[in-house]
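Remarks on the structure that follows.
Residue numbers (my numbering): 1 to 194.
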């Protein structure tokens, strides 16, 4: 006789970053375009995200549950009618779902840091101060991966800038916090350069 496992105890599949990395990057690119004032690119980036999702789903059909896959489909279907900030937040939410299925790695840690900074930027833009994620906490796994080696100087700059961000968030400075979050994203990009 086979024992049934309650759904709450079933562990989701966890995959290598290369499996869902392109989808997470496509969704991140959509949010990044909004943050950088390139709203005209959003329709094209939604199409690119849809293609990345279709590739991931076709190549790895059993990684997400049917309800998760259907939720991603619905989100991508409704994204074109959303306001740009809501498009970005929706893309970040989907990217977070995808990220949750990726094995811990430097790539996953970098994406998680980027997503947290971008979501924080959107929440600051909306002046939803109580919904700003803890960016410092989200950056910690990435900083841990950067400790030592060629990335340690970049990690120190990021750590310093996280302190500046905390001050601007505490003071509810929209301009300062948005500037800080953009700078953190730039610092991650710089740290990743060979």
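From the three backbone atoms N, C-alpha and C, an ideal C-beta is built for every residue, glycine too.
Classified as buried, residue 21 has 16 or more neighbouring CB atoms from the shown chains inside 10 Å of its CB. Residue 115 sits close to residue 92, with the two beta carbons spaced by under 7 angstroms. Counting the other CB atoms within 10 Å of its CB gives residue 101 a total of 16 or more, which places it among the buried residues. Of the candidates 192, 106, 162, 154, 162 places its Cα closest to the Cα of residue 133. In chain order, 90 place their CB closer than 8 angstroms to the CB of residue 82, counting only its own chain and leaving out the 5 sequence neighbours on each side. By the Cβ neighbour-count rule, residue 47 is exposed, with fewer than 16 other Cβ atoms within 10 Å of its own. Here DSSP, grouped into helix, strand and coil, assigns residue 134 to coil. Its Cα nearest to that of residue 183, the residue 36 stands out among 27, 36, 28. Annotation: residue 76 to residue 98 spans about 14 angstroms, alpha carbon to alpha carbon. Spatial neighbours of residue 119 in its own chain (CB-CB distance under 6 angstroms, excluding positions within 5 residues in sequence) are listed in chain order as 92, 133. Within the model, the alpha-carbon separation for residue 190 versus residue 123 is close to 24 angstroms.
Remark: C-beta atoms of residue 29 and residue 45 approach each other more closely than 7 angstroms. Leaving aside the five residues that flank residue 56 on each side, the residues in its chain whose CB is nearer than 6 angstroms to its CB run, in chain order, 20, 23.
Boundaries of the alpha helix (DSSP H) around residue 154: 152–170. DSSP, read as helix, strand or coil, puts residue 84 in helix. Taking the Cα positions, residue 25 is about 8 angstroms away from residue 111. For residue 185, the enclosing alpha helix (DSSP H) starts and ends at 174–192. For the set 40, 139, 127, the Cα lying nearest the Cα of residue 106 is the one of 139.
Of the residues 64, 60, 49, 50, the one whose Cα lies closest to the Cα of residue 18 is 60.
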